[in-house]
Structures are given as structure tokens and as C-alpha cells.
Amino acid sequence: MTERRVVAVCGATGAQGGGLVRAIVNDPQGGFAARAITRDAGSAKARELAATNGIHLALGFAERRGERVFNTVALISPRGELIRTATPPPLSASQISPA
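Numbering (this note's numbering), first residue to last: 203 to 301.
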């Protein structure tokens, strides 16, 4: 079996992104798998999208500890289980502030 290339779809719970996810999922010969990037993995739309289409959700969020800012991502299974979180090295506030 050929390994499928992953397409990360931003706005996957909206009209455009949701349509793209469904098109990818409904084309088994297309060679692609979908991952949905969402702001709220707990929303009804996100949960339904994952469960109905058997796809993983990626949720990105920022964390602040004092002057340090961390970008964190969580990967959630189609069943709603937390698979993994990852936090790259932190950025200082000056690194993310507009010039």
C-alpha cells in the first residue's frame, strides 16, 4: 500500500475547508490524507468532522509564562483522544511583537 501524503487543512470546519476535507477523504485513490487545523477542537463541528471522516485534528494555541511565549500544538484522534502535544523552544515577547 502506498503511503498517503498528508494535507493540513486550515479552516476545516468552514465551508471551503470542510469541502476540501470531504473531497480528500472521499477520493481513496487520490493518495492524500487530511488533517484538520482548528481553533476549537472541542466544537461540535470539529468533533463531527473528525468522527465522520476519521481524521485527526490539530489545535494550535499560545501559552505565556511571564515574558516568554510558547506556541503549542495538540494532535487529537478522530475519537477525541489527545495523542500528543508539542511545544517548540519559547520566544521572547520582543521576538513576536510588531516592529
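C-beta: ideal position from N, C-alpha, C; glycine also.
For residue i versus residue j, is the C-beta distance shorter than 9 Å?
i: Ala253; j: Pro280; result: yes
i: Phe263; j: Pro290; result: no
i: Ala238; j: Val211; result: yes
i: Asn255; j: Val227; result: yes
Is it right to say residue i is buried, meaning 16 or more other beta carbons lie within 10 angstroms of its own, or is it exposed?
i: Ile278; result: buried
i: Thr204; result: exposed
i: Ala236; result: buried
i: Ala248; result: buried
i: Ala217; result: exposed
i: Ala214; result: buried
i: Thr240; result: buried
Give the DSSP-derived three-state secondary structure of residue i in the structure shown.
i: Thr254; result: helix
i: Ala246; result: helix
i: Arg224; result: helix
i: Ala172; result: What is shown of the chain runs 203 to 301, which leaves residue 172 out entirely.
Could you give the C-beta distance for residue i and residue j, rounded to a whole number, given that I count them as a contact under 8 Å?
i: Leu261; j: Val275; result: 7 Å
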